[in-house]
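Remarks on the structure that follows.
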Amino acid sequence: MNTPQIRVGIIGIGNCARALIEGTAFYRANPEVTSGLMFPRVGPYDAGSLEPVAAWDVDTEKVGKDLWSARTAGQNLDVGIPQGDLLPVGSDIEVLRAPTLDGAGVRYQERIGLATELSDQGAEEIIEQIRAARVDVLLNYLPVGSQAATEWWAAAALRAGTAFVNNIPAFIASNDEWRERFRAAGLPLIGDDIKSQLGATYLHRALVRAFSDRGITLERTYQLNVGGNMDFYNMLERDRLASKRKSKTSAVTDAYDGELDDDSVHIGPSDYVKFLGDTKKAFIRCEGQGFGGAPIDMEVQLTVPDSPNSAGVVIDAARIAKLAMDRGDVAVDEWVSAWLFKAPPRAVAQESDSVAKDRLNQWISDSGRTVPA
Ligand SMILES: NC(=O)c1ccc[n+]([C@@H]2O[C@H](COP(=O)([O-])OP(=O)(O)OC[C@H]3O[C@@H](n4cnc5c(N)ncnc54)[C@H](O)[C@@H]3O)[C@@H](O)[C@H]2O)c1
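Take 0 as the starting number for the sequence shown in numbering that gives the first Met the number 0 and just add one per residue.
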């Protein structure tokens with residue numbers, strides 16, 4: 000590898016972590032390939048720059064294994080990245096036991112066994128593990144519904160002095176108190192809930208933005224999502240879903256200039272279809288009124304590989320977090336969140352994707368130290 004490395008700690012070794020690990024191996028093996036990347040380079044960091052140095056899970060099939068072996072263990076699926084001659088990223092580190100808290104829900108525990116719980120000293124041990132591994136950025140990939148566990152890890156990041164990238168719909172980066180704590184510590188806080196590279200949220204935002212831009216009144220819209228991986232299986236537990244619905248819905252309504260009442264918007268994960276595996280399908284419908292009140296209907300269907308669609312986004316977020324720490328300029332974390340995550344801080348949530356991307360690109364290419372106002 001020619002570029003400096005970013006030392007990452009990964010929380011939850013599911014399909015998204017698998018795609019991140021295999022994607023890292025793929026771009027290291029093929030440094031000339033830029034296809035599939037939004038940011039081939041971020042400062043000195045290329046797409047193969049992430050180096051996993053610590054990893055945590057709770058599944059007996061994963062805890063105690065080396066990370067490269069754990070990526071295919073338990074309920075994890077083939078995520079579609081060609082294996083070829085990939086070098087085994089993470090084969091030198093062991094997956095450690097995380098605290099369970101509200102991480103593994105009812106559906107999860109139907110399918111996995113929990114490794115022996117941490118002792119009372121568990122929290123201190125993990126802070127020590129993070130420090131000993133010299134983690135730069137912690138990546139949170141817990142199942143949907145893990146608000147307490149995510150807060151636990153955000154607090155651990157603050158104590159250990161690492162950046163925190165919250166990939167899941169637990170509200171941390173969009174919460175003012177957490178933002179202030181990370182800002183006071185001079186650490187980037189990025190999230191919440193990955194906006195997949197070309198996923199249902201990005202596409203739906205573009206469609207409702209087109210309605211706004213072209214003067215069409217959006218009257219009703221839905222987005223139904225189905226998939227066959229553990230993320231979708233976990234979301235069959237409806238009580239865990241409130242945060243996901245909120246994050247996905249606000250991501251779309253924020254992109255539309257007009258008003259939409261709650262009864263006219265239905266957005267969320269809809270069902271688990273086992274044979275789809277890591278393929279996700281989204282069905283999007285927008286109904287509106289055009290010139291002279293004439294009706295306009297639009298139906299779009301999207302089929303994408305679910306987990307790789309998140310991995311490039313997280314590789315970008317981790318590289319920007321590290322560059323922000325290198326530059327001592329962490330205020331860019333809001334724009335990263337706006338471009339790459341569904342539920343960014345309120346201050347930037349209503350900015351359009353193109354504005355967020357331009358601000359970010361300007362910051363990355365600028366050798367200057369500040370985020371453009
Ligand atoms: N495109 C995408 O795939 C996408 C987009 C947006 C958000 N997300 C979110 O990213 C998260 C991860 O997705 P995934 O597909 O990898 O899920 P997954 O279910 O495949 O993996 C979750 C992992 O977390 C582990 N786990 C459970 N409880 C734990 C605990 N307390 N501590 C540590 N580990 C624990 C599980 O054993 C499993 O290995 C989900 O919340 C998902 O909604 C994914």
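A virtual CB, placed ideally from N, CA and C, is assigned to each residue, including glycine.
What you are looking at is a predicted structure, and each value in this text was computed from that prediction instead of being measured.
Measure the C-alpha to C-alpha separation of residue i and residue j and round it to an integer number of angstroms.
i: Ala293; j: Ile193; result: 36 Å
i: Gly8; j: Leu137; result: 5 Å
i: Val251; j: Asn228; result: 24 Å
i: Ala148; j: Arg213; result: 43 Å
i: Arg239; j: Val143; result: 6 Å
i: Pro371; j: Ile125; result: A caution first: Pro371 carries a pLDDT of 46, below 50, which makes its placement in the model too unreliable to give a value.
i: Arg237; j: Arg326; result: 43 Å
i: Ala154; j: Asp119; result: 17 Å
i: Gly190; j: Ala337; result: 8 Å
i: Glu176; j: Tyr140; result: 22 Å
i: Trp362; j: Pro39; result: 15 Å
i: Ser211; j: Met297; result: 14 Å
i: Val105; j: Ile5; result: 35 Å
i: Ala383; j: Leu95; result: Nothing can be reported for residue 383, as the shown portion of the chain is limited to 0 through 372.
i: Ala241; j: Ala169; result: 10 Å
i: Lys273; j: Ser195; result: 21 Å
i: Pro187; j: Ala103; result: 27 Å
i: Thr369; j: Ala183; result: In this prediction, Thr369 has a pLDDT of 48, which is less than 50 and means its spatial position is unreliable; what the coordinates show is noted afterwards. Going from the Cα of Thr369 to the Cα of Ala183 covers about 17 Å.
i: Val299; j: Gln128; result: 46 Å
i: Ala374; j: Ile92; result: This structure does not reach residue 374, given that the chain is present from 0 up to 372, and the question cannot be answered.
i: Lys321; j: Asp135; result: 7 Å
i: Thr161; j: Leu217; result: 42 Å
i: Ala330; j: Ala323; result: 8 Å
Looking at residue i: is its Cβ nearer than 8 Å to the Cβ of residue j?
i: Ile167; j: Gly289; result: no
i: Lys247; j: Gly267; result: yes
i: His203; j: Ile295; result: no
i: Tyr271; j: Leu301; result: no
i: Ala54; j: Ile12; result: yes
i: Ile20; j: Arg70; result: yes
i: Arg219; j: Pro344; result: no
i: Gln222; j: Ala199; result: yes
i: Leu197; j: Val313; result: no
i: Ala342; j: Ser90; result: no
i: Ala316; j: Val164; result: yes
i: Leu85; j: Gly276; result: no
i: Asn29; j: Ser306; result: no
i: Leu117; j: Thr59; result: no
i: Ala348; j: Trp334; result: no
In this structure, what does DSSP give as the bridge partners for residue i?
i: Glu50; result: Arg6
i: Pro268; result: Asn224
i: Val58; result: Checking the displayed sequence, the identity of residue 58 turns out to be Asp instead of Val. Paired residues: Leu113.
i: Tyr232; result: DSSP output for Tyr232 lists no bridge partner at all.
i: Leu217; result: Gly287
i: Ala281; result: Asn224, Leu301
i: Ser41; result: Per the sequence shown, the amino acid found at residue 41 is Val instead of Ser. Val41 pairs with Tyr44.
**Message:** My parser needs the alpha helix (DSSP H) runs of 4 or more residues fully inside the segment 93-165; what are they?
**Reply:** 105-110, 121-131, 146-159
**Message:** List, from N- to C-terminal side, the alpha helix (DSSP H) runs of 4 residues or more that fit wholly inside the segment 286-332.
**Reply:** 307-326
**Prompt:** Could you give the uninterrupted runs of the alpha helix (DSSP H) lying entirely in the segment 338-364, keeping only those of 4 residues or more?
**Reply:** 345-348, 352-364
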